[in-house]
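Here the structure is laid out as structure tokens; the discussion comes afterwards.
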Ligand code: PD2
Ligand code: ZN
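Numbering (this note's numbering), first residue to last: 654 to 948.
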């Protein structure tokens with residue numbers, strides 16, 4: 654496709670749409686429908702609306718405007734953790750370890766990493782987690798509590814930040830890798846899946862429309878990125894899937910998949926799931942990163 658330029662006319666049009674009460678997701682859909690590439694359109698929207706928010710008091714009305722469908726308006730994106738891939742490195746220095754860059758995708762932002770963890774670190778996490786595994790809970794967004802979720806047939810546990818030396822070391826490595834403070838991370842969650850177990854597709858951010866979400870957000874704001882680390886290798890099945898873009902990451906011991914989401918909205922395309930394990934066991938450690946310090 655020929656290069657698409659963000660002209661002053663386009664900026665003016667975006668601002669007109671926004672001030673007329675159309676939310677960014679609606680404006681995005683109409684730009685895509687008229688031939689804009691979604692990633693260019695999102696960027697144009699993001700920069701234009703940010704600039705406008707900075708300079709105009711009318712911005713308040715934009716954020717508060719209802720969508721035509723009555724859904725919650727999509728917010729302008731927030732800063733998120735990311736890796737510095739600007740010079741296309743094969744490896745990134747994560748402080749105490751060189752980590753391989755295996756594959757990247759821009760929308761959704763996904764980076765597949767190799768050799769993030771050593772075999773000894775994978776073993777240490779599994780052994781420390783094993784005695785505490787219980788059928789997995791997910792955060793109940795209706796109340797802010799936790800519930801048994803039938804979409805998740807794995808068992809799991811949480812470490813606290815820095816709970817054992819291996820956890821502290823890996824947390825520092827991740828912080829350096831993605832440029833995000835250790836303090837903004839939730840404790841690792843370790844999950845074990847048996848054959849037949851899966852994690853149905855979901856978003857990791859908290860749904861702003863759910864009544865329990867404000868309570869959850871008090872502990873450090875929204876989740877803005879996820880790192881799923883593979884601690885072992887099931888013989889078959891158990892990939893991490895991104896159904897919106899037909900992408901699947903194979904669970905390879907020591908490897909990881911990173912993805913970020915700058916707004917709690919499906920337009921991030923970060924719908925993802927854990928495919929059923931067909932043969933063998935699958936163990937992962939998940940790190941979720943929040944906007945602010947997680948307390
Ligand atoms: O185990 C996975 O592959 C997986 C897939 C989707 C883990 C998570 N989500 C998660 O921990 O959020
Ligand atoms: Zn997830």
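Glycine included, every Cβ here is placed at the ideal spot set by N, Cα and C. Keep in mind it's a predicted model, so treat the numbers as computed, not measured.
Any non-hydrogen atom of ligand 4 closer than 7 Å to residue 822 Cβ: Absent from the structure shown: ligand 4. Ligands present: ligand 1 and ligand 2.
Buried versus exposed call for residue 707 [16 or more other C-beta atoms within 10 Å across all chains shown]: For the purposes of this step, residue 707 is identified with residue 54 of the chain shown, where counting begins at 1. Only weak support is given to the placement of residue 707: the predicted model assigns it a pLDDT of 43, under 50, and the value that follows is read from those uncertain coordinates. With fewer than 16 Cβ atoms within 10 Å of its Cβ, residue 707 is classed as exposed.
Spatial distance of residue 711 from residue 730 (CA atoms): Indexing the chain shown from 1 puts residue 711 at position 58. Indexing the chain shown from 1 puts residue 730 at position 77. The predicted model places residue 711 with a pLDDT of 39, which falls under 50 and marks its position as unreliable, so this point remains unresolved.
Residue 785 beta carbon near ligand 1 (any heavy atom closer than 7 Å): Position 132 of the chain shown, counted from the first residue, corresponds to residue 785. In this structure, the C-beta of residue 785 stays at least 7 Å away from each heavy atom of ligand 1.
Residue 854, enclosing alpha helix (DSSP H) - first and last residue: Counting from one through the chain shown, the residue named residue 854 turns up at place 201. Residue 854: not part of any alpha helix (DSSP H); member of the beta strand (DSSP E) spanning 852 to 855, first to last residue.
Own chain, CB closer than 6 Å to residue 779, minus 5 neighbours either side, in chain order: Within the chain shown, residue 779 is the residue found at index 126, counting from 1. Only 884 and 936 meet the Cβ criterion.
Exposure of residue 853, with buried meaning 16 or more beta-carbon neighbours within 10 Å: Mapped onto the chain shown, residue 853 falls at position 200. Taking every protein chain shown into account, the CB of residue 853 has fewer than 16 other CB atoms within 10 angstroms, so this residue is exposed.
Per-residue burial, residue 703 [other beta carbons within 10 Å of its own, 16 or more giving buried]: Locating residue 703 in the chain shown gives position 50, counting from the first residue. With a pLDDT of only 49 at residue 703, under the threshold of 50, the placement of this residue in the model should not be trusted, and no figure is reported.
Buried versus exposed, by CB contacts within 10 Å (16 or more), residue 899: Start at 1 with the first residue of the chain shown, and residue 899 comes out as number 246. Counting the other CB atoms within 10 Å of its CB gives residue 899 a total below 16, which places it among the exposed residues.
Cβ-heavy atom distance, residue 894 to ligand 2, below 7 Å: To locate residue 894, count along the chain shown from 1; it is residue 241. Result no, Cβ not under 7 Å from ligand 2.
Minimum C-alpha distance to residue 822 - residue among 810, 749, 905 and 918: Here residue 822 corresponds to residue number 169 of the chain shown, with the count starting at 1. In this structure, 749 is the residue among 810, 749, 905 and 918 with its C-alpha nearest to the C-alpha of residue 822.
Nearest to residue 787 (by Cα), restricted to the options 872, 880, 919 and 847: One-based indexing of the chain shown puts residue 787 at position 134. Out of 872, 880, 919 and 847, 847 has the C-alpha closest to the C-alpha of residue 787.
Any 3 or more C-beta pairs closer than 8 Å across the segment 914 to 933 and the segment 766 to 775: Three or more beta-carbon pairs separated by less than 8 Å are not found between the segment 914 to 933 and the segment 766 to 775, which leaves the two stretches without contact.
As assigned by DSSP and simplified to three states, the class of residue 722: Walking along the chain shown from the start, residue 722 turns up at place 69. In this prediction, residue 722 scores a pLDDT of 45, lower than 50, which makes its location untrustworthy; the coordinate-derived value is nonetheless stated afterwards. Residue state, collapsed to three classes: coil.
At least three beta-carbon pairs within less than 8 Å, the segment 906 to 913 to the segment 876 to 896: Output reads yes: the segment 876 to 896 touches the segment 906 to 913.
Range covered by the beta strand (DSSP E) that runs through residue 817: Here residue 817 refers to the residue found at position 164 of the chain shown. No beta strand (DSSP E) holds residue 817; DSSP gives it neither H nor E.
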